[in-house]
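Positions in the sequence shown are counted from 1; adding 4 to them yields our numbering. Down below is the structure, laid out as structure tokens.
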Amino acid sequence: MKIFVTQFASYQPSHENPAEQPKLEYVDSLFRRRLSQLTRMTIETVHELVETESENASLKLVFASFRGEIARQLKINKGLVEDADVMPAQFSLSVFNTPPAATTIALKMKAGYTAIYPSEDNFSSALVAAASSVVCGSEKKIIFAYADEKIPEEYAKCTGYGEELPLAFACVFSLEKTAGAIEIDVSSEQCAHTTPRDFLSYLQSAEAGVR
């Protein structure tokens, strides 16, 4: 199952400030002030693709995350325990599809979106799901975005929650091999065991090699 990555963009906070997040100065101030780090990073990376190539705004967006809006979910859980109540505004921004939904609103993308949770924390399953619409020909191109935000300190001792820095990236999947495009075989053994960081590192290394 071979496709091509024609463009990609990434965002990662510094080690000194893992809670750092994009300023999103191109987004309405009333809209952006309610957004989480996760959603801000997603918007930032997709915006870079749209800013570079305006036609990308017409592509469908496929979003994947291992933990979603984990900080907001924790806040809601605390509210249920302490006050037995949840604010509607908090709940509406805590759902798994908040980042892609907010991205399409902020960037005026009207083609629709899909939110994917990688099964059994297997990132390759998200790659396959995202690429499938391109491979089968139902879409010529799509934007695939991945993001995970800073893990709240309350989860530090829980199994499966590491201390890796937050990370987000977005890329354009296409069947068309354009100049500088990076070939990806999402059904390969390499992709079957890849992590988001490994996948991004591969794209960065491949781009450097093309140059």
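The C-beta atom is built at its ideal place from N, Cα and C for all residues, glycine as well. Computed from a predicted structure; not experimentally measured.
Got a sec, what are the start and stop residues for the alpha helix (DSSP H) residue i sits in?
i       : result
Leu-274 : Since the first residue of the chain shown is 5 and the last is 215, residue 274 is not available in this structure.
Val-132 : 127-139
Ile-109 : 102-110
Cys-162 : No alpha helix (DSSP H) contains Cys-162, which DSSP labels as neither H nor E.
Glu-57  : Taken as a continuous stretch (DSSP letters only), Glu-57 belongs to no alpha helix (DSSP H), as it is neither H nor E.
Glu-193 : 193-196
With H, G and I counted as helix, E and B as strand and the rest as coil, what does DSSP make of residue i?
i       : result
Gln-25  : coil
Lys-13  : Here the sequence assigns Ala to residue 13, which means Lys is not the residue at that position. Reduced to three states, the DSSP call for Ala-13 is strand.
Lys-64  : strand
Glu-48  : helix
Lys-220 : Nothing about residue 220 can be read from this structure; the chain reaches only from 5 to 215.
Ala-181 : With the sequence shown as reference, residue 181 is identified as Lys, and Ala is not the correct amino acid for it. Coil at Lys-181, not helix or strand.
Tyr-30  : coil
Lys-154 : coil
Lys-114 : coil
Phe-70  : coil
Leu-169 : coil
I'd like the list of long-range same chain contacts for residue i, defined as Cβ closer than 8 Å, with 5 residues on each side in sequence excluded.
i       : result
Gln-11  : Leu-53, Thr-56, Glu-57, Asn-60, Cys-175 and Val-176
Leu-111 : Ile-47, Val-50, His-51, Val-54 and Ala-61
Gly-116 : Lys-64, Leu-65 and Thr-108
Thr-182 : Phe-8 and Thr-10
Glu-158 : Leu-78
Return the first residue and the last residue of the beta strand (DSSP E) that residue i is part of.
i       : result
Ile-120 : 117-120
Glu-187 : 186-189
Within 10 angstroms of its Cβ, does residue i collect 16 or more other Cβ (buried), or is it exposed?
i       : result
Ile-34  : One point to set straight first is that residue 34 is Leu, not Ile, in the sequence displayed. Exposed, by the Cβ-count rule.
Ile-186 : buried
Gln-25  : buried
Cys-162 : exposed
Ala-105 : buried
Ala-160 : exposed
Ala-212 : exposed
Ser-205 : exposed
Ser-178 : buried
Report back the beta-carbon spacing between residue i and residue j to the nearest angstrom; my notes put them in contact at under 8 Å.
i       : j       : result
Gln-16  : Pro-170 : 7 Å
Phe-67  : Ala-23  : Contact flag wrong, Cβ pair sits at about 21 Å.
Gln-41  : Glu-168 : Not a contact, Cβ separation roughly 14 Å.
Ser-137 : Ile-147 : Actually they do not touch by this definition, with Cβ atoms about 11 Å apart.
Ala-196 : Met-45  : Their Cβ separation, rounded to whole angstroms, is 26 Å, which puts Ala-196 and Met-45 out of contact at 8 Å.
Phe-203 : Asp-125 : With 8 Å as the limit, Phe-203 and Asp-125 do not qualify as a contact, their Cβ atoms being about 14 Å apart.
Pro-200 : Tyr-121 : Not a contact, Cβ separation roughly 13 Å.
For residue i, which residues from the same chain have a beta carbon less than 6 Å from its beta carbon, with the 5 sequence-adjacent residues on both sides left out?
i       : result
Gly-72  : Phe-100
Val-190 : Met-5, Leu-131, Val-132 and Ala-135
What does a CB cutoff of less than 7 Å around residue i pick up in its chain, not counting 5 residues either side in sequence?
i       : result
Thr-198 : Phe-127 and Ser-128
Gln-208 : none
Would residue i pass as an interface residue toward chain E - the criterion being a Cβ-Cβ separation below 8 Å?
i      : result
Glu-59 : Here there is only one protein chain, and chain E is not present.
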